[in-house]
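First to last, the protein sequences are chains G, A and E.
Quick note: the first sequence uses our numbering, first residue 983, plus one each step.
Quick note: the second sequence uses our numbering, first residue 22, plus one each step.
Quick note: the third sequence uses our numbering, first residue 3, plus one each step.
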Amino acid sequence: MNIRFNRIIFLVCSSILITSCHQQTKSNGEKLPVIGASMLSLQSEFVVNVKDAMEARAKEKNVELIVNDAQRTAEKQVQQIETFISQKVDAIILNPCEVEASSPAIAKAKAAGIPIINVNSETSATPDGFVGSRDEQAGEIAMEQIAKLLSGKGNIVMIDGYMGQAAQIKRAIGAKNILAKYPDIKVLAEQTAEWDRAKAMSLMENWIQSYGNKINAVFAHNDEMGMGALQALEQAKLKDKVIVVSIDAIADALQAVKDGRLDATVFQDAKGQGAGAVDMALQLVKKQPVDNKEVFIPFQLVTKENVDGFMKK
Amino acid sequence: MSENYLLRIQHLSKSFPGVKALDDIHLDIEAGKVHAVMGENGAGKSTLMKILIGMMTPDSGSIFFKGERISFHSVHDAIKAGLSMIHQELLPFPDLTVAENIFMGREPRLFPGWINRNKLNTDAKKLMNRLGIPVKVNRKMNTLSIAEMQMVEIAKAISNNAALIIMDEPTSAISQKEVDTLFGIIRELTANGVAVIYISHKMDEVLQIADTVTVLRDGKWIATKAAAELNKESLINMIVGRSLDNIFDKKQIDRGEVLLSVKNLSGNGFKNISFDVCAGEILGIAGLMGAGRTEIMRAIFGLDKIRSGSFYFKGKQVKIKSPGAAMALGIGFISEDRKETGLVLSATVKNNITLSALNQCSNNYIIGKKKEAKIADDQIWKFNIKTPGRNQVINYLSGGNQQKVVLAKVLLRDPQVIIFDEPTRGIDIGAKAEIYRMMTGLAATGKAIIMISSELPEVLGMSDRILVVRNGEITGEIDGEGATQENIMQYAMG
Amino acid sequence: MIAGKLKQASDIISRYGIFIAFIVLCILLSLATPHFLTGQNLLIILRQVSVNGILAIGVTFVIITGGIDLSLGSVVALTGVVAAGFAHPGTYPLIVPLLIGLFTGVVVGLINGLVITLGRVAPFIVTLGMMTIARGLALVWSDGRPVSNLSPAFNFIGGGDWLYIPVPILLFMLVIVVSYILLNNTTIGRYIYAVGGNEQAAKASGIRVNAVKLFAYIICGGLAALAGIVLASRITTGQPNAGIAYELDAIAAVVIGGTSLMGGRGTVTGTVVGVLIIGVINNGLDLLNVSSYYQQIIKGVIIIGAVLLDRRNAK
């Protein structure tokens, strides 16, 4: 028992040693500026794209970038920021998990005198800089497109993201802002599918049973769920009668738009956000003046007409 | 006169379903004396002690302690009244210190919720010095030897102001030197007016330390005598002296070839075991509980690993590394604990019966359900198992019927050597007689039978030959004809 | 007299409680919404439950041996992305992604089983570790992105019909039949029950306990792989974050179906009913447009209720 336990301790210690050595040689060699980044979830394709853009830009600018995955928990995220502070990184990029719960991370970084900027979404505490998009805008663009395609009249269903997360709340607010302008568009049902394609597919199948031909359009908070709804509709041979619009412009969705299956998606500029965040962080590290501390990278509607331009990005 | 007794037990009785565990017991304990209680396994000692310390309530009778009539409802009550027990199996808090163990639940406080550690340690040290116990109070309990732990338990009892301490087999796991230390402490206790009830199988020790000896047998009080009047022989007579019931149906069968031999077998709990068993023979294995008999048989059946030694089956050397290997040779094992190793209680009667003989009704992969049902029904009929049907979950059967299912299961493979470990424990007299008849019948068809039993009449009534095991070694071999309870006990107790 | 009748009735309820509960549930739902009891909806329910059903039957084997497998959901994701990686159009024939996917699941099950039996680590711990290992491997393999652009042949497994019946349903049925035979008519099935009911007694009966447990974990891993392939095919992508918490739905179905978490007791039919109950609840509450908040509460109540019923049964 003891021997086994000792062995585990040995394994853990040695793996920590190996990884820390690895980092030291890298940083000691040239004394690069170090940026720590805590990302919402590296299991989300969009966040991975932002991360890739950050890494590409960091390499370009000769910056060392440490990326941590907060796995959608604000508590973990705050701990990661604390670790960055004790590692004495030069700047922190925060891709917040939650509006309120991730805010303590900002206060801690500021207290330690380390510049911190938010990427992609907001927190209630104000960081030193912000690069991202307003999720409300995405909801507005998507719903505006649905209203346009329905000519302002019809029945829709809405598939929400994970309830209580900032993106879900804001995309829903954006959609409802637009719906208020179109009293003839009726929401038949609204339900969460937790950002998950399989869950959205099951949900859509069930809705087809209860609403059948009454559904004119589907709004899904992300493309994964949009694709799930799309597949359910195709299997029920209803797709040509129902409009599907979702958000994020992931590769699958862009292909579907190109193939004429998905009616529209909303492009969020992962590259622009990731690169912009690294640029702003570097400016703060070098104490250069920053003209605009809040950079909003707009969402763009993607339809069959303009999809080719996005597929290259 | 009666005021002189610290503890008086009168007309105490306690029954369990089918057994009268205690029958009109009386016992008087004087302050400052060591009173030994002796008897065979199942004589009623543990039931009596469990009642004394509040773990069980008696059916009838009365107990007076310090002149007052008492009835404890929990161990806690008993300890509060000044009655403590040192169990055979100690249950300390292994990661706490000696001092913390002694004052567990009664720690001196600085203020509520805050332990006064200094006082805890000095109090413990004072206590140990007073009793002459050479153990440092800041040691962790798990660094102590068993003897040291016992002494700590005694100190704990004394710190509870115990006027009477019950010691259950205190010397079963400690060395001779430690026994001497323990006896020193016991004498110290009695000199201070504490009474000790001393339960032990070891006659030498009892005669050495006890002032008075009481013997129980079959739940009945047999005698109470001053230790000075007794010797080993008279004690054994008192412990075993009873007539044999003739339910054994023993037949004389000619001994055939040697089926199984073991040579110099050593393993966990036993060493240097050698014996043969022949076709047609019933070999009784006697000894006290914990002597290592079951361990030997488990090793022979491949359930436990051996350190050294060899097996011979029909004269050929064989390896037995798993129960499967033993069964393939033709060895069957009817375990002592049918709930632990004998039966799958959540399964049906049929599934238990066929479990180790599915090859008889399958092509090794697919079970032939009809054939299996027939085999099960045959066994149910043959062994007279009382069950509503073969698909009854076995948990709902009575103990005797469960035991018959174990027999039906093991004998279905037609083993040549059958090991019975305590075959009649906890079953009623009728089922016992059936099992005895079955054993005799098996021997008559040329099977070799090894029977472990703690019931001496059973060993004497059934065995052609008896091996006695003590402390993991064979201490005696007695021919069935010449065996008496007295000479078995002599070998068993040493 | 009346008491006797009542007792008889309560015996029947506790014996067939879960079947009765299922039928009552169906009756209630068909009264509540006309869309429930239609042939098409029933087919949809079956298709929706087939992934959870295959998983639940796999874990039934493990639970009967007295073990548990918490790595199911992650294995679904891992085998899904691995199979999808070999299923791009114009690369390999269909059999390749299928065999590689199944093999991956079998290997995971084998590792679980080996650590549990030879390493003597509690199944809960081993499969908890495997849960994150398999998830990590899925992310590594797929680089954190869905593996999409799969061949039509691969997508047929989850989305196609054969003789008007969706392929996932056919696979689920096949798994039910084979598992039923394995557990009821074969020696290894009998040994699985014996090992779970009393490991010591099984050992003393000459059963190779470790081999039996290993078999159960391999079956469980293999069926998780099948479920992973069906899921990836159904949603036409291998998702590294698919199947999160699927093990809980599978274990819930097994428990609702009357299999004891202590081992030794349980049936395939019980598990199938458990799977159907969960599927019908999900479908029915969606049809009624009940808020997903309440859906979670209702599901939890039904799970606990089922086990309470089971306790009475065991008494």
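We put the CB at the ideal spot given by N, CA and C, even for glycine.
Check the Cβ-Cβ distances between residue i and every residue of chain G, and say whether any is below 8 Å.
i                 : result
Arg147 of chain E : yes
Leu141 of chain E : yes
His319 of chain E : In this structure chain E extends from 3 to 317, so residue 319 of chain E is not present and cannot be described.
Asn43 of chain E  : yes
Gln50 of chain E  : yes
Thr119 of chain E : no
Ser32 of chain E  : no
Thr93 of chain E  : no
Using the Cβ count rule (16 or more neighbours within 10 Å means buried), how would you classify residue i?
i                  : result
Val77 of chain E   : buried
Met59 of chain A   : buried
Lys342 of chain A  : exposed
Ala307 of chain A  : buried
His222 of chain A  : buried
His1203 of chain G : buried
Ile306 of chain E  : exposed
Arg137 of chain E  : buried
Phe1028 of chain G : buried
Lys1221 of chain G : buried
Glu1187 of chain G : buried
Closest Cβ-Cβ distance between residue i and chain A: below 8 Å?
i                 : result
Ala206 of chain E : yes
Gly1 of chain E   : In the structure displayed, chain E extends from 3 to 317; residue 1 of chain E sits before or after that span and is not available.
Arg210 of chain E : yes
Hey, is residue i's beta-carbon within less than 8 Å of any beta-carbon in chain E?
i                  : result
Pro444 of chain A  : no
Met1262 of chain G : no
Leu1174 of chain G : For the sequence presented, residue 1174 of chain G should be read as Thr rather than Leu. Closer than 8 Å to some Cβ of chain E, the Cβ of Thr1174 of chain G qualifies, so yes.
Gly1210 of chain G : yes
Ser356 of chain A  : yes
Bridge partners of residue i, per DSSP?
i                  : result
Ile187 of chain A  : A:Met106 and A:Ile218
Ala1214 of chain G : Beta-bridge pairing links Ala1214 of chain G to no other residue.
Trp242 of chain A  : A:Leu237
Cys382 of chain A  : Answer by DSSP bridge pairing: none, since Cys382 of chain A is not bridged.
Val1101 of chain G : G:Val1113
Met59 of chain A   : A:Val236
Should residue i be flagged as near chain B, meaning a C-beta pair shorter than 8 Å?
i                  : result
Met1183 of chain G : Considering every chain present, this structure includes no chain B. Its protein chains are G, A and E.
Item to complete: Check each residue of the segment 183–203 of chain E: if its Cβ is closer than 7 Å to any Cβ of chain A, include it; give the result in chain order.
Response: Asn187, Thr188, Thr189, Arg192, Tyr195, Ala196, Gly199, Asn200, Gln202 and Ala203
Worksheet item: Does the count of Cβ pairs from the segment 342–357 of chain A and the segment 188–201 of chain E closer than 8 Å reach three?
Response: no
Discussion item. Closer than 8 Å between beta carbons: that is the criterion. Which residues of the segment 275–288 of chain E meet it against chain G?
Written reply: Asn284, Asn285 and Asp288
Fill in: Sufficient close CB pairs (3 or more, under 8 Å) joining the segment 493–500 of chain A to the segment 470–482 of chain A
no
Worksheet item: Of all the residues that make up the segment 1009–1042 of chain G, which are near chain E by a beta-carbon distance shorter than 7 Å?
Response: Leu1024, Gln1025, Glu1027 and Val1030
Worksheet entry | Interface residues of the segment 362–388 of chain A facing chain E [CB-CB below 7 Å] | Thr362, Gly363, Leu364, Val365, Leu366, Ser367, Ala368, Asn372, Leu376, Ser377, Leu379, Ser383, Asn385, Tyr386, Ile387 and Ile388
Item to complete: Determine which residues of the segment 160–172 of chain E have a Cβ less than 8 Å from any Cβ of chain G, and write them out in chain order.
Response: Gly161
Practice prompt. Can you give me, in chain order, the residues of the segment 255–269 of chain E that have a beta carbon less than 9 Å from any beta carbon in chain A?
Written response: Ser262, Met264, Gly265, Gly266 and Arg267
Worksheet item: Using a Cβ cut-off of 9 Å, which residues of the segment 1185–1206 of chain G contact any Cβ in chain E, in chain order?
Response: Leu1185, Glu1187, Asn1188, Trp1189, Ile1190, Gln1191, Ser1192, Tyr1193, Gly1194 and Glu1206
Fill in: Residues of the segment 332–354 of chain A whose Cβ lies closer than 7 Å to any Cβ of chain E, in chain order
Pro344, Gly345, Met348 and Phe354
Worksheet item: Do three or more CB pairs link the segment 1084–1104 of chain G to the segment 1256–1270 of chain G at distances below 8 Å?
Response: yes
Worksheet item: When you check each C-beta in the segment 240–254 of chain E against every C-beta of chain G, which residues fall closer than 7 Å?
Response: Gln241, Pro242, Asn243 and Ala244
Worksheet item: With contact counted as at least three CB pairs below 8 Å, one residue from each stretch, are the segment 239–247 of chain E and the segment 68–83 of chain E in contact?
Response: yes
Practice prompt. Give a yes or no on contact between the segment 248–262 of chain E and the segment 271–278 of chain E, applying the rule of three or more CB pairs nearer than 8 Å.
Written response: yes
Discussion item. Can you pull out the residues from the segment 1229–1240 of chain G whose beta carbon lies closer than 9 Å to at least one beta carbon of chain E?
Written reply: Ile1232, Ala1233, Asp1234 and Gln1237
Practice prompt. Inspect the CB distances between the segment 1136–1149 of chain G and the segment 1077–1091 of chain G and report whether three or more fall short of 8 Å.
Written response: yes
Worksheet entry | Members of the segment 222–241 of chain E that neighbour chain G once the beta carbon cut-off is set at 9 Å | Leu233, Arg236, Ile237, Thr238, Thr239 and Gln241
Worksheet item: Using a Cβ cut-off of 9 Å, which residues of the segment 1149–1164 of chain G contact any Cβ in chain E, in chain order?
Response: none
Fill in: Short-range partners of chain E found in the segment 411–441 of chain A, where Cβ spacing is below 7 Å
none
Item to complete: Using a Cβ-Cβ cut-off of less than 7 Å, give me the residues of the segment 314–334 of chain A that come near chain E, in sequence order.
Response: Leu324
Worksheet item: Using 8 Å as the threshold, is the segment 59–78 of chain E in touch with the segment 257–275 of chain E, meaning 3 or more CB pairs across them?
Response: yes
Worksheet item: Taking one C-beta from the segment 1282–1290 of chain G and one from the segment 1235–1251 of chain G each time, how about it: are there three or more such pairs within less than 8 Å?
Response: yes
Worksheet item: Are there three or more Cβ pairs, one per stretch, closer than 8 Å when the segment 219–239 of chain A is compared with the segment 186–198 of chain A?
Response: yes
Worksheet item: Can you find at least 3 beta carbon pairs, one from the segment 462–475 of chain A and one from the segment 383–396 of chain A, that sit closer than 8 Å?
Response: no
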